[in-house]
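By this note's numbering, the letter at position 231 of the sequence shown is numbered 250, and the numbering carries on one by one without gaps. Shown next, in structure tokens, is the structure this report addresses.
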Amino acid sequence: MKLILYRVYQVLVALPLLAVLTVLAAIVTIVGCFFGMSRVFGYWPAKIWAMLFCWLSLVRVTVNGRENIDKDTSYVFVANHQGAYDIFSIYGFLNHNFRWMMKVGLRKIPFVGRACAAAGHIFVDNSSPAAVRRTMEKAERTLRGGMSVVVFPEGSRTLTGHMGAFHKGAYQLSMEFGLPVVPVSIDGAYDILRRGDSFPHWGRIRLTIHKPIPAPVDEADRGRVIEASRAAVASALPERFR
């Protein structure tokens, strides 16, 4: 009965409200960034939108480890990718201004794609060497301004809940710009909305922000940082997801 009532609430209340909030957040972001205030409007409208998305979905987010990061320091955040609610939980509750590295296909989403482009998020295009070069140039311009970046180094959402291999792209950015790597563990998002599901479940997501790892100094050291950050992320997950 609870599940039926929850589905009715989702369809009649939550989804219409979230659709309106998504459009409003996108418009505010686009307009604010158009007037040159991307540092503020590229973050705060989406942060508030993400918090409301979780609350209206009856998803509660708790965060441990905020004391490990400094709001005035730029980082490369790397997190495991359990499901779609990873985005809402990090955007809404990390409490640190950042830009995403995201798949270029997301640019096609109505309103959202335009807002992401206006905010300065980094679209990853691996279609050709020239496209990869443009992606790295965009990342360089973004990070040069003292901005942090969030990356899911697995590349896509897990199908089973288990973490996949961490790819090197985020760590290449860390090495090139000398930015510390901050591992972030996301636990609970898989049970709320798994890849392929249409409707979320209520529940709780736990974010754990780990201590920064110094940027790798060369390619050999990069492998060590990848393994260290993956181990840190796994340390705050249940055994079944490690």
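By construction, the Cβ of each residue, glycine as well, lies at the ideal position given by its N, Cα and C atoms.
- If you check the CB distance, G180 and R79 do not come in under 8 Å.
- Here DSSP, grouped into helix, strand and coil, assigns P129 to coil.
- Going by beta carbons, G61 and T48 fall inside the 8 Å limit.
- Per DSSP, K187 has no beta-bridge partner at all.
- For E246, there are no CB contacts under 7 Å within the same chain when 5 residues up- and downstream are skipped.
- P172 is positioned such that its CB atom lies closer than 8 Å to that of V97.
- Taking 8 Å as the cut-off, the Cβ atoms of T227 and G84 count as close.
- DSSP assignment within the stretch 49-98 yields the following whole beta strand (DSSP E) runs of 3 residues or more, N-terminal first: 78-83, 95-98.
- Across the set A251, G242, A208, the C-alpha of A251 shows the shortest separation from the C-alpha of V201.
- Under the criterion of beta carbons closer than 8 Å, C52 and A138 qualify as touching, at roughly 6 Å.
- For the pair D210 and L198, the Cα-to-Cα distance works out to about 32 Å.
- Taken atom to atom, the span from the alpha-carbon of M166 to that of F218 is near 34 Å.
- For L256 and W63, the gap between their C-alpha atoms comes out near 29 Å.
- Assigned with DSSP and collapsed to three states, R225 falls in strand.
- Under the three-state reduction of DSSP, K122 is assigned to strand.
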